[in-house]
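J.: For the protein sequence lines, the chains are A and B, in the order given. With the first sequence counted from 1, adding 652 to any position gets you my numbering. With the second sequence counted from 1, adding 439 to any position gets you my numbering. Quick reminder that beta carbons are idealized off the backbone N, C-alpha and C, glycines included.
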Amino acid sequence: MSAALGNAGLLIALVAASVGALATSVAIIGENRRALRQAPMYAAIIVAGSVLAVVAMQWALFSRDYSIDFVQRVGSSTTPALYNVAAMWSALEGSILLWVIVLALFTGGVALRFAKRRDDELVAWALVVMYVVMTFFALVSFGPASPFAPGATVPVGFDGPGPNPLLQNHILVLFHPPLLYLGYIGFTVPFAFAIAALITGRVGEGWLLETRRWALLSWGLLTIGILLGGWWSYEVLGWSGVWAWDPVENASLLPWLTGTAYIHSVLVQQRRGMLRVWNLSLLVATFALTVLGTFLTRSGVINSVHAFAAGEIDGYLLGFFGVVVVVSLGLIGWRGDALRAPGRIDSPVSREGAFLANNVVFALFAFIVLLGTVFPLLVEVFQDRQTVVGAPYFDRLSMPIGLILLFLMAVAPVLPWRTASAGTLRDRLFWPAWCGVASLAVAVMVGADGLAPLLAFLLGGFAGGAAGRQLVLATRRQGLRGLVGRANGGMLVHIGVILIAVALAASNSYTHSATLTIGRGERVEWSGHSFEFVGVSTEVTARADVVMADVLLDDTKVYAPAVTTYLQQGMTVPTPSVRTGWTSDVYLTIDGNDPPATDADEVVLRVFVKPMVLWLWIGGAVMAIGTVLSALPSRRSRRPTDPTSAPITSGQHV
Amino acid sequence: MSVPYRRKAWPSWAAMFVVAVALLAIGSTRDSGPLNPGDRIDAISRRVACPVCDGESVFESRNPASEAIRAEIRASVYDGVATDDEILSAIANSYGGKVLLVPSSSGFDALIWALPAAGLMIGLVGLWFAFKRWRAEAAALGVPTEGDYDLVEKAREQHRGTSDD
């Protein structure tokens, strides 16, 4: 029953998307206004079909419908209800179904948002592009990656293994993948409008304004999704890190990098009408990289702990990636003359000059991440040998890039459009620069060392000062309304990014670890903390056996790093116990391969003292708030005739 | 000139620069590396790939194969004889070069270092050409006339008081 309903839902979505793409295209070309007004109707059918398929899958997982192969692999009667929901995206077929429903909702959202402009060719072509993308993913989900494929006959009383244990021991698994997908797939909307603008020849700034909030929303969701992934890694994996430069992590970072470049460079086009080809290329790159990332993580061509098992969809995804790139570049080439920028950037020392530099750095960063991710493949193809490119490579190259970006974040907000004089820079950067020096002084006073992290603190303070200056000026003029709008909300996002950068610099540079063997009742001192092994406690459920080493930390509270043995899979998963603090975390784990017995006389404890980790999550929250504020309309909308930068009077010096 | 404006003059910037350089010098020269053997073991194990896992480093992995390599690293560190690079070479000799997470800078692997440098150069040269072309275009437009300045000033007066963003 679930399989039939699910397949019916996917078929409805597939047919509605393909017919919608075809019928809307014919209506546009034939200038059939009546048919054009039907275009959004297909979106409603797509949403209905996709919702039906997802409801059917959830019902199959909850009712343990083991006639379905996917449920046989990820369903289990012992899986708690919340993780049962998340089981849908714990394997390849369900993850594509998640893609389908999110894309359907975005398609429905576009149809709803532009319902009054059904006659507009730009909107109609954008819907066509959304329908084409939907057709592809519905086809993949209905065909080679069907989550409703029938399973082998199972004996009476059969119970599946449930999702991978790592995907059922922390609440964040419910939020991290869906938010990531919302971010990835949200970029389909600006991509669709970009393609529509190229087709219609309306390559001015109109389509940018239409999609500004969609791009910002997608970028914000992708940012939060990535950060929640880091948080999940920290809380679950037991190695105390948030980012490992794993290929799957890199696949999520790539569209984020190009998307970040886009939301900056788009400001230059909106204000100056420039960088049209560049902005279109960034959007195409962002969308194409989401497809490439999906291919890399679902084709089995790269090794990653995150990757899904190799499926049969690699050819489809690679083909779709090729079509996206060829068609997009073909359209950009076709409209080459219309895309020629009417203006010019007068000086590198200007707001637009800083955005251009920002874009070059982000493009280089994306290139490095892509190169490092696919390099093992290139080596295998050209040299027939295996190699691994890991975190040390990415750390080495991303460190100078991060410092350059912090510098640009410090300077860009104070730069006027068109050009800046030395006097203007001297005046506007004075207090931000002192903020940087103060931040450096505090770091040196508390014992920080090493040139790279110290530069990060200096530039972080400098950039924070520049963003703070902008917010102070804006709130002086407009009160709390000064926090709203693209420029000022963006400054709040910058502050969030700076907090994250500084926290990463501190936690990566100054983490200390030790392996402590502590006897029962013994108290050991290390790195300014005391650890007392109190005993071993256990917890037995139908799903898992948990062994916890109770450790009294600093004579205040007992923390219990654990090893959980998942009975269905026979897999042990160590779970850290973390004391979170404003200045540092104390992170405790025990060896998953050798958990202590209940009467153990001693425990081997792995301890990490990690500075400033809490500020990573605070920075993420600030970024989220800033993104929302920057999407809200500011009080004053600028007219095209407004001066690009107000003259400085002595009263404005800050 | 107001007092606040004088505070922001070049001598103040020079003083700030000196303070920043002094702080950086103090902080960076007291860099004493890893504080304890545990930190050194972590630093080395971050540079070695787990030989049987999917892309994890020995530092991250909890696989017994990684535990074995970590034990080797721990033993070498506590011996106190070999440097980090010597310990890594020994591991590469035992398990093969593919366990090293940093590609070498020779042969085909050198591309992974050379291509980003080439990308940076292309970006910088591209920017240089772009600004050169824009400067030439601006020069071709000629010098603004008094009338142009009057027009701009009139427009500014109409919209005085707007922000500096």
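A/Leu874 and A/Gly911 look like a contact to me (Cβ under 8 Å); what is the Cβ gap, rounded to whole Å?
T.: About 7 Å separates the two Cβ atoms, so the contact holds.
J.: Which residues, in chain order, does the region 1165 to 1192 of chain A contribute to contact with chain B at a C-beta distance below 7 Å?
T.: Listed by position, the residues of the region 1165 to 1192 of chain A near chain B (Cβ gap below 7 Å) are Ser1165, Ala1166 and Thr1167.
J.: Under 8 Å, Cβ to Cβ, is there at least one residue of chain B near A/Ala778?
T.: Output row for A/Ala778: interface = no.
J.: So the candidates are A/Glu1174, A/Leu657 and A/Arg924; which of them puts its Cα closest to the Cα of A/Phe794?
T.: Nearest C-alpha to A/Phe794: A/Leu657.
J.: Give the DSSP bridge partners of A/Ile1242, in chain order.
T.: Partner(s): A/Leu1257.
J.: By how many angstroms is the C-alpha of B/Val591 removed from the C-alpha of A/Ser1297?
T.: Below a pLDDT of 50, predicted positions are generally treated as unreliable, and A/Ser1297, at 39, falls in that range; the measurement from the model is reported next regardless. A/Ser1297 and B/Val591: Cα-Cα distance of roughly 12 Å.
J.: Once you ignore the five residues that flank A/Gly882 on each side, which residues in its own chain have a CB closer than 8 Å to its CB?
T.: Excluding residues within five positions, the ones whose Cβ falls inside 8 Å are Val894, Trp895 and Leu1268.
J.: What does the alpha-carbon distance come out to for the pair A/Pro829 and A/Ala1090?
T.: The alpha-carbon atoms of A/Pro829 and A/Ala1090 are separated by roughly 39 Å.
J.: Give, in chain order, every residue of the region 877 to 890 of chain A whose Cβ lies closer than 8 Å to some Cβ of chain B.
T.: Cβ contacts with chain B come from Leu889 and Gly890.
J.: Between which two residues does the beta strand (DSSP E) holding A/Tyr1218 run?
T.: Ala1214 to Tyr1218 is the span of the beta strand (DSSP E), which, as asked, contains A/Tyr1218.
J.: Taking 8 Å as the threshold (beta carbon to beta carbon), is A/Trp1307 in contact with chain B?
T.: It is not possible to answer for residue 1307 of chain A, since the shown part of chain A is limited to 653 through 1306.
J.: I'd like the list of long-range same chain contacts for A/Glu857, defined as Cβ closer than 7 Å, with 5 residues on each side in sequence excluded.
T.: Cβ within range, chain order: Gln921, Gln922 and Gly925.
J.: What is the rounded straight-line gap between the Cα of B/Val582 and the Cα of B/Asp589?
T.: B/Val582 and B/Asp589: Cα-Cα distance of roughly 14 Å.
J.: First and last residue of the alpha helix (DSSP H) that includes A/Glu773?
T.: Element bounds for A/Glu773: Glu773 to Phe794.
J.: Identify every residue that forms a DSSP beta bridge with A/His1164.
T.: BP columns for A/His1164 point to A/Val1261.
J.: Output, in sequence order along the chain, the residues in the region 1059 to 1079 of chain A whose CB is closer than 7 Å to any CB in chain B.
T.: Answer in chain order: Pro1068, Arg1078 and Asp1079.
J.: Please state the DSSP three-state secondary structure of A/Glu964.
T.: Three-state DSSP puts A/Glu964 in coil, outside helix and strand.
J.: I'd like the list of long-range same chain contacts for A/Gly760, defined as Cβ closer than 6 Å, with 5 residues on each side in sequence excluded.
T.: Here the set comprises Ala695 and Val699.
J.: Whose C-beta lies closer than 8 Å to the C-beta of A/Thr684 among residues of the same chain, with five residues either side of it excluded?
T.: In the sequence on display, residue 684 of chain A carries Asn and not Thr. The residues are Val678.
J.: Just curious, the beta strand (DSSP E) that A/Ala1201 is in, first and last residue?
T.: Here the beta strand (DSSP E) through A/Ala1201 covers Ala1196 to Leu1205.
J.: To the nearest angstrom, report how far apart A/Ser654 and A/Gly1180 are at their CA atoms.
T.: Whole-angstrom Cα-Cα distance: 58 Å.
J.: Once you ignore the five residues that flank A/Val1199 on each side, which residues in its own chain have a CB closer than 6 Å to its CB?
T.: Thr1190, Val1215 and Pro1247, listed in sequence order.
J.: What would DSSP say about A/Gly1173, mapped onto helix, strand or coil?
T.: Correct three-state label for A/Gly1173: coil.
J.: According to DSSP, is A/Ser702 helix, strand or coil?
T.: Residue state, collapsed to three classes: helix.
J.: Is DSSP giving A/Phe1185 helix, strand or coil here?
T.: Note: A/Phe1185 maps to strand in three-state DSSP.
J.: How about A/Pro1226: is its C-beta nearer than 8 Å to some C-beta of chain B?
T.: Yes, contact with chain B.
J.: Just the C-alpha distance for A/Arg1129 and A/Leu1123, rounded to the nearest angstrom, thanks.
T.: Computed Cα separation, rounded: 10 Å.
J.: On the DSSP bridge list, what partners appear for B/Leu580?
T.: Answer by DSSP bridge pairing: none, since B/Leu580 is not bridged.
J.: Which residue's Cα is closest to the Cα of B/Ala577: A/Met1051, A/Ser999 and A/Gly1131?
T.: The shortest C-alpha separation from B/Ala577 is found at A/Ser999.
J.: Which stretch, first to last residue, makes up the alpha helix (DSSP H) that contains A/Ser1002?
T.: Run containing A/Ser1002: none; DSSP gives neither H nor E here.
J.: What are the partner residues of A/Ile720, as DSSP defines its beta bridges?
T.: A/Pro802, per the DSSP bridge assignment.
J.: For A/Ile1020, which residues of its own chain have a beta-carbon under 8 Å away from its beta-carbon, when the five flanking residues on both sides are left out?
T.: Excluding positions up to five away in sequence, the list reads Phe1046, Leu1049, Ser1050 and Ile1053.
J.: Would you say A/Thr1039 faces chain B, with C-beta separation under 8 Å as the test?
T.: It does; some Cβ of chain B falls within 8 Å.
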